[in-house]
Amino acid sequence: MDTEKQLEANSNNSVRNIVVAIAAVILSIALFLGLKTENNPLSLESQFKQSTSLDVAFANEKPTLTEFYADWCTSCQAMAGDLGEIKQAYGDRVNFVMLNVDNTKWLPEMLRYRVDGIPHFVFMDSKGNAIAESIGEQPKGILEMDLDALIAKNPIPYANKTGQVSQFEPQVTVTKDTNTDPRNHGG
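Residue numbers (the numbering used here): 20 to 206.
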């Protein structure tokens, strides 16, 4: 009986060791791919780091494409590669501004441009005036034609078009602070 229990225990240990080894390999691959994606110059995060700030875009008198996005947005992720290439090709003539809808700092802009789906693109002239918008995934060629028109100060040919979007609703909660209520009289 002791030999059978010992064989069974050894068998269980072998199976456990194999499962642990497989899990370690899978986690190593996931970690490697995660680090590789993070350093990808066409990733959303790296594009955000290279984007022009809204203040600079409004001051430098170049036309601007503002993109409202989120890291979790599958449509934004799907377009990241094409947008990265477009930004490299047009970056000397157009400001590319990226505003993350998960950052409440951009709530006034989200309300101003009525962002209710992402990606949401706002085309702005060199004075910072919104002249057109498009919502959702846009093919690379369409965006290039729109940017060419923006640069030439022509009407945006594919403005106000809606592609596939990720729905977004700003999470704003209004709470009443009794300490600042003027009727409270500090009491």
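Glycine residues also receive a C-beta, built at the ideal position from the N, C-alpha and C atoms.
Between the segment 91–105 and the segment 132–146 there are three or more C-beta pairs closer than 8 Å, enough to call the two in contact. CA-CA distance, D74 to Y109, rounds to 19 Å.
In this structure, F67 sits away from V120, with a CB-CB distance that is not shorter than 9 Å. DSSP places L84 in the strand class (E or B) of the three-state scheme. Going by C-alpha positions, T85 is about 48 Å away from V38. Residue environment for E80: exposed (fewer than 16 other C-beta atoms within 10 angstroms of its C-beta). Note on geometry: alpha-carbon atoms of L162 and I170 lie some 12 Å from one another.
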